[in-house]
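**Student:** Dropping a structure here in structure tokens format, bear with me for questions.
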Amino acid sequence: MRSLILTATALSLASTALASIASTCPESDICYQLNIPSSTTASSGTGDVFFQLSASTAYQWVALGQGSQMAGSNIFVMYTSSSGTNVTVSPRLGIGHVQPQHDTDAHITVLQGSGVSNGRMTANVRCSNCGSWSGGSMDFTGSSSNWIHAYKSGSALYSDDLSESISQHDESGTFTWDLSQAKGGSDANPFTDSVATGTSTVTAASSTSSSSSGNNSNNTTATLVNAGYNGLSQSKQQQILVAHGALAALAFVALFPIGAILIRLANFTGSIWVHAALQLVAYLFYIVAFGLGVYMATSQRQMTNRHPIIGVVLFVILLSQPISGIIHHRLFKKYGHRTLWSYAHLGIGRIAILLGIINGGLGLQLAGESKSSKIAYGVVAAIVGVVYIACMVFGELKRKSKSKTPKEAPGYAQSETELQDRSDTGSKENVQGANQEHYGTANRPPVYEGA
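Throughout the sequence shown, residue numbering follows mature numbering (1 follows the signal peptide of the UniProt record, and there is no 0), covering -19 to -1, 1 to 432 in sequence.
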């Protein structure tokens, strides 16, 4: 009789120690599992939680995140390590529908049983501070919680870098986990009987499979919803990002530089109006790009990132360019030489063009574009930047050399080229009139200067 009581007691204690694992599989070859130890976290809300990411090696990366959208979420990205036999788990903070950034404050441990085997990646993870993070929190004593997931197909990353750049996901979605089905077990790895070891990048891992669930007593599923964030579908968000990038690049890598180079080097009547037209069209393009960018940045709480900050600065300073350009034009016609308005207009314009070109690269980095896209933009941007700077320097040297040449008799110019205001009027008659007015007022021979 006593032996029966002891056996029953042992079985009762063993049943309380069994880990309950909630699971969900968005694809047949991608699964996520969650366990909340009943002895600590499930009752107090603080402590360790355990989760597993398992996927085919046909995927470049797979991610699981806490939260209902990317902005403010706590994300864990799994990809193949440099050895090809282990996995790297990178904790990241979601800042919107762009590449999440590595979170150095996350306390996670990649446990035994993680690795790459039989064409599958598996990461068994213990998280010690998943109850709260920068931008959000999760109550593990509650009955349910919101999660997100995403994945990208492609060749393996083979990286141990926790800040590795990742391409945009192919698919993403949200789901709600019933936490009551995940609570149970002691504060130990529920996915294997082995002792927990390792760090966020596994250095030694044994083979596992996606069905590895340890000694669990419950294995429930959650309903997933494939949807975009902030009320927009994924395809719509992608369209907005593409439009934003294309319009901004067209403005700063094409139209603005072409307009500036033309007014510096062109030699035809009316060049000032071609310059003005190009800059106006470029600015209109940027206004649209700016509006799209602000919409995405504010809805995804990423306005503190350097890319949108620079974008706002560019928008503000470019607002003054049409006004300063008109004032510069009129004063140059009147006096025949540059004024403070001239230097302000030229200086702001040149800084804005170069800053806009640089900001395009920062935008690609923020969006998590592929390495080939970044390289392509970098090459084009570098060529445009070098050509633009070279033309500006050449134009200034040419203007200074002409200002040092001997002048003809009062009232006469040495050449038609000298009469042209290359950053302003592009008209011989305008400069002649300006010089005649200047000559009459100052009662001395005019001094001709290119802008």
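Glycine residues also receive a C-beta, built at the ideal position from the N, C-alpha and C atoms.
Note that the structure is a prediction, hence the values are computed from the model and not measured.
Who pairs with residue 32 in a beta bridge, going by DSSP?
**Tutor:** Looking at the DSSP assignment, residue 32 forms a beta bridge with 15 and 106.
**Student:** Report the option in 381, 335, 46 and 91 whose CA atom is closest to the CA atom of residue 235.
**Tutor:** Nearest C-alpha to residue 235: 335.
**Student:** Check whether the region 63 to 75 and the region 296 to 313 are in contact - that is, three or more C-beta pairs closer than 8 Å.
**Tutor:** These segments do not touch.
**Student:** Which ranges would you report for the beta strand (DSSP E) in the region 28 to 83 if only whole runs of at least 3 residues count?
**Tutor:** You should have 30 to 37, 40 to 47, 55 to 61 and 68 to 74.
**Student:** Using DSSP with H/G/I as helix, E/B as strand and the rest coil, what is residue 8?
**Tutor:** If DSSP states are grouped into helix, strand and coil, residue 8 belongs with the strands.
**Student:** Could you check where the alpha helix (DSSP H) with residue 307 kicks off and where it finishes?
**Tutor:** From DSSP, the alpha helix (DSSP H) with residue 307 extends over 302 to 316.
**Student:** Looking at the ligand HEM, does it come within less than 7 Å of residue 334, judged from the CB to the closest heavy atom?
**Tutor:** Looking at this structure, you won't find the ligand HEM or any other ligand, since it has none at all.
**Student:** Using 8 Å as the threshold, is the C-beta distance between residue 376 and residue 246 below it?
**Tutor:** Yes, the Cβ-Cβ distance between residue 376 and residue 246 is below 8 Å.
**Student:** Following the continuous alpha helix (DSSP H) through residue 156, name the residue where it begins and the one where it ends.
**Tutor:** It is not in any alpha helix (DSSP H) - residue 156 instead sits in the beta strand (DSSP E) that spans 152 to 159.
**Student:** Strictly by DSSP, which residues pair up with residue 113?
**Tutor:** Answer is 118, bridged to residue 113.
**Student:** Would you check if the distance between the CB atom of residue 217 and the CB atom of residue 17 is smaller than 8 Å?
**Tutor:** Cβ atoms of residue 217 and residue 17: not closer than 8 Å.
**Student:** Considering only the alpha carbon of each residue, which of 262, 227, 249 and 258 lies closest to residue 273?
**Tutor:** The residue with the shortest Cα to Cα distance from residue 273 is 227.
**Student:** With three or more beta-carbon pairs closer than 8 Å as the criterion, would you say the region 313 to 333 touches the region 282 to 291?
**Tutor:** Segments in contact, no.
**Student:** What is the rounded straight-line gap between the Cα of residue 350 and the Cα of residue 148?
**Tutor:** Straight-line Cα distance between these residues: approximately 5 Å.
**Student:** Following the continuous alpha helix (DSSP H) through residue 253, name the residue where it begins and the one where it ends.
**Tutor:** Taken as a continuous stretch (DSSP letters only), the alpha helix (DSSP H) holding residue 253 covers 252 to 280.
**Student:** Ignore the nearest five residues each way along the sequence and tell me which others in residue 232's own chain have a CB closer than 6 Å to its CB.
**Tutor:** Answer for residue 232: 263, 266 and 267, listed in chain order.
**Student:** Looking at the strands, I want to know which residues DSSP matches up with residue 132.
**Tutor:** According to DSSP, residue 132 bridges with 43 and 152.
**Student:** Residue 104 and residue 95 - do their beta-carbons sit closer together than 8 Å?
**Tutor:** For residue 95 and residue 104, yes; Cβs fall inside 8 Å.
**Student:** Would you call the region 139 to 146 and the region 118 to 128 in contact, with 3 or more CB pairs under 8 Å?
**Tutor:** In short, these stretches do not touch, since the Cβ pair count stays below three.
**Student:** From this set, 276, 80, 35 and 159, which residue's C-alpha is nearest residue 106's C-alpha?
**Tutor:** Taking only the C-alpha atoms, the option nearest residue 106 is 35.
**Student:** From what residue to what residue does the beta strand (DSSP E) around residue 96 run?
**Tutor:** Looking at the DSSP string, the run of the beta strand (DSSP E) that includes residue 96 is 96 to 98.
**Student:** State yes or no: is the C-beta of residue 47 within less than 8 Å of the C-beta of residue 172?
**Tutor:** Contact: no.
**Student:** Please check the pair residue 362 and residue 330, which I expect to be a contact at CB under 8 Å, by giving their CB distance rounded to whole angstroms.
**Tutor:** 18 Å between Cβ atoms; not a contact.
**Student:** Can you tell which of 67, 66 and 127 has the C-alpha that lies nearest to the C-alpha of residue 56?
**Tutor:** Among 67, 66 and 127, the Cα nearest to that of residue 56 is on 127.
**Student:** Helix or strand or just coil, what does DSSP make of residue 90?
**Tutor:** In this structure, residue 90 counts as strand in the three-state DSSP scheme.
**Student:** Thinking C-beta only, is residue 41 closer than 8 Å to residue 134?
**Tutor:** Contact flag set, yes.
**Student:** Would you report the Cα separation of residue 383 and residue 373, rounded to the nearest angstrom?
**Tutor:** Answer to the nearest angstrom: the Cα atoms are 16 Å apart.
**Student:** Within the same chain, show all residues whose beta-carbon is closer than 7 Å to that of residue 202, passing over the 5 residues directly before and after it, in chain order.
**Tutor:** Only weak support is given to the placement of residue 202: the predicted model assigns it a pLDDT of 46, under 50, and the question is left unresolved by the model.
**Student:** Going straight from the alpha carbon of residue 145 to that of residue 102, what length do you get?
**Tutor:** Roughly 17 Å between the two C-alpha positions.
**Student:** Take residue 143 as the anchor and find which of 244, 60, 108 and 66 has the nearest alpha-carbon.
**Tutor:** Checking every option, the nearest Cα to that of residue 143 belongs to 60.
**Student:** Determine the direct distance from the alpha carbon of residue 317 to that of residue 252, and round the result to whole angstroms.
**Tutor:** For residue 252 and residue 317, the distance between alpha carbons rounds to 17 Å.
**Student:** Which of helix, strand or coil does DSSP assign to residue 167?
**Tutor:** Residue state, collapsed to three classes: coil.
**Student:** Please list the terminal residues of the continuous alpha helix (DSSP H) segment that includes residue 340.
**Tutor:** First-last of the alpha helix (DSSP H) with residue 340: 321 to 347.
**Student:** Going by Cα to Cα distance, which pick from 345, 83 and 237 is closest to residue 369?
**Tutor:** If we check each option's Cα against that of residue 369, 237 comes out closest.
**Student:** Please check the pair residue 270 and residue 229, which I expect to be a contact at CB under 8 Å, by giving their CB distance rounded to whole angstroms.
**Tutor:** 4 Å between Cβ atoms; contact.
**Student:** Mind checking whether residue 79 and residue 220 have CB atoms under 8 Å apart?
**Tutor:** Not in contact: residue 79 and residue 220 (Cβ atoms no closer than 8 Å).
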